[in-house]
Amino acid sequence: MLTKYKIMRGLFKRRAIRTLAWKIVAYFNKGRLEVFCKEQLRRKHDSFVAFDIDSIAPVIAELEASGAMVGPSLPREVVQYLSEYAETHPCFADRDQTKGFYLKDRAKAEESLGKELLLAQYFDAGEDAVIAKIANDPYILSIAARYLKVPPKLMSVNMWWTFPVNASAEDKARHAHVFHFDLDDLKFVKFFFYLTDVDDQAGPHVFVKTSNRVIKYKTPMFRSRRFTDEEIIAGYGADNVIKVLGGAGTCLIEDTITVHKGVTPVSRARLMLQFEYSINTYSEISCVSDRNAQKIFV
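Written out as structure tokens, the structure reads:
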């Protein structure tokens, strides 16, 4: 079925066309953008980050130059709340809404599936009041607005576990554990938060610095490519392959048109929360599920 999302990906696969369309949209949203940003500054005391108008510009400059940067961490009490949320709400194996289970039943889920489970996602996390408050944080919205150059729309709220397993090549590709880039809209930006401590053993996120603007690869017209580590290092150099390590609460702000991947955990599971902001929204990326179709299968 031809959807709005598929049409967008076909029309705007080429960077020049995408950039031109984005600049036109931004031009016609200048007035709305300023009103929106002033409103976020008025609300700045509601943020978990102390910020003012002068602290936003350096973030935007670094995002535009590098494609990603470490942002302010979530408060400890918020991380604790989200950890408890993950224990008390069902997650879904391989993002399949018919394969829900509670974290304590992971071994049973793997037995039923007949395989080790690499990824399990929470649907509808944005309905939680604490998570919704983070999504509406004036600092986050200010960054998103200034980067997109339009008042941002919340495309998706995504929360998921990645487990330390001997994952198949198919599962690694399916769950973005190989280098790739996203094409989610004309322009978009994501805020990732580690909800567990992440070191080399816990599956860090990796991005390729400058690959948002320096294109050293070719892709087919209507589909994205996956890249080997060797291809990326040959094109960009090992120094530009940035591994994001940090404690629970660590934030990464990234335009994931930047080449990136998740690393499969070795010994400890990783819990991640992600907010994506964009100009348009698409149901395929929403991480919202029909509750009537959700099933707990173990």
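Converting from the sequence shown to this note's numbering requires adding 45 to each position, the first position being numbered 1.
Virtual Cβ for every residue (Gly too), placed ideally from N, Cα, C.
Would you mind stating whether residue i and residue j have Cβ atoms separated by less than 8 Å?
{"i": "Y167", "j": "W205", "result": "yes"}
{"i": "G307", "j": "T241", "result": "no"}
{"i": "V202", "j": "A180", "result": "yes"}
{"i": "V304", "j": "I278", "result": "no"}
{"i": "T301", "j": "K198", "result": "no"}
{"i": "V289", "j": "Y184", "result": "no"}
{"i": "A165", "j": "C136", "result": "yes"}
{"i": "V104", "j": "I188", "result": "yes"}
{"i": "G159", "j": "K340", "result": "no"}
{"i": "V343", "j": "D139", "result": "no"}
{"i": "F237", "j": "M317", "result": "yes"}
{"i": "Y262", "j": "R270", "result": "yes"}
Leaving out the 5 sequence neighbours to the left and right, which residues in its chain are closer than 7 Å to residue i when beta-carbon positions are compared?
{"i": "S334", "result": "Q142, F168 and D169"}
{"i": "R63", "result": "F57 and L231"}
{"i": "G248", "result": "T207, G307, V308, T309, P310 and R315"}
{"i": "I101", "result": "S187, I188 and R191"}
{"i": "T133", "result": "none"}
Out of the options, state which residue places its alpha-carbon closest to the alpha-carbon of residue i.
{"i": "F86", "options": "R270, R191 and R151", "result": "According to the sequence displayed, residue 86 carries Leu and not Phe. Of the listed residues, the one whose Cα sits closest to L86 is R191."}
{"i": "K217", "options": "F342, N257, V289 and L162", "result": "L162"}
{"i": "A293", "options": "R121, L47 and V94", "result": "R121"}
{"i": "T309", "options": "R258, K89, V243 and G282", "result": "V243"}
{"i": "L186", "options": "G116, N337, T48 and Y322", "result": "Y322"}
{"i": "N253", "options": "F226, F233 and Q246", "result": "Note that residue 253 corresponds to Val in the displayed sequence, not to Asn. Nearest C-alpha to V253: F226."}
{"i": "L108", "options": "A71, T255, K89 and K149", "result": "T255"}
{"i": "L228", "options": "E84, Q246 and E299", "result": "E299"}
{"i": "L297", "options": "S111, T48, L78 and G76", "result": "S111"}
{"i": "D284", "options": "V251, G55, A106 and G76", "result": "V251"}
{"i": "G291", "options": "Q246, N257, V223 and Y262", "result": "Q246"}
{"i": "P117", "options": "F96, R77 and M200", "result": "F96"}
{"i": "R258", "options": "H134, R219, A338 and A106", "result": "A106"}
{"i": "A66", "options": "D182, E84 and R54", "result": "R54"}
{"i": "D182", "options": "I52, R336, S213 and C82", "result": "C82"}
Can you find the residues in the same chain that come closer than 6 Å, C-beta to C-beta, to residue i, ignoring five residues on each side of it along the sequence?
{"i": "Y50", "result": "Y327 and E329"}
{"i": "R268", "result": "With a pLDDT of 49 at R268, under the threshold of 50, the predicted position of this residue should be treated as unreliable, though the coordinate-derived value follows. Nothing meets the Cβ criterion."}
{"i": "T295", "result": "S118 and Y239"}
Quick one: Cα of residue i to Cα of residue j, how far?
{"i": "Q319", "j": "G171", "result": "10 Å"}
{"i": "A174", "j": "D274", "result": "39 Å"}
{"i": "V210", "j": "V311", "result": "7 Å"}
{"i": "K68", "j": "F233", "result": "13 Å"}
{"i": "F73", "j": "V80", "result": "13 Å"}
{"i": "L127", "j": "V286", "result": "29 Å"}
{"i": "D99", "j": "S331", "result": "32 Å"}
{"i": "A113", "j": "L119", "result": "18 Å"}
{"i": "A131", "j": "V123", "result": "12 Å"}
{"i": "V195", "j": "A71", "result": "6 Å"}
{"i": "A154", "j": "L148", "result": "9 Å"}
{"i": "H90", "j": "N325", "result": "28 Å"}
{"i": "S14", "j": "E156", "result": "The requested residue 14 is not part of the displayed model; the chain covers only 46 to 343."}
{"i": "L193", "j": "A152", "result": "42 Å"}
{"i": "M46", "j": "R88", "result": "42 Å"}
{"i": "A338", "j": "M200", "result": "22 Å"}
{"i": "L78", "j": "R313", "result": "42 Å"}
{"i": "T48", "j": "F272", "result": "27 Å"}
{"i": "I52", "j": "E129", "result": "39 Å"}
Between which residues of its own chain and residue i is the CB-CB distance below 8 Å, once the five residues before and five after are set aside?
{"i": "R60", "result": "I260"}
State yes or no: is the beta carbon of residue i nearer than 8 Å to at least one beta carbon in chain D?
{"i": "N203", "result": "Within the model displayed, chain D is absent; a lone protein chain is all it includes."}
Point to revise | Ordered list of beta strand (DSSP E) runs contained in the stretch 109-163, each at least 3 residues | key: Qualifying beta strand (DSSP E) stretches, in chain order: 113-116 and 136-138.
Review point. Along the chain, which unbroken stretches of the alpha helix (DSSP H) at least 4 residues long are found entirely within the stretch 207-292?
Key: 214-219 and 274-281
Point to revise | Contiguous alpha helix (DSSP H) assignments of at least 4 residues, all confined to the stretch 298-323 | key: For the stretch 298-323, there is no continuous alpha helix (DSSP H) assignment of 4+ residues that stays within its boundaries.
**Study point:** Runs of alpha helix (DSSP H) wholly within the stretch 162-194 (minimum 4 residues, chain order)
**Key:** 174-180 and 183-193
Check your understanding: Can you list, in chain order, the stretches of the alpha helix (DSSP H) that have 4 or more residues and sit fully within the stretch 58-111?
Key -> 60-72, 75-87 and 98-111
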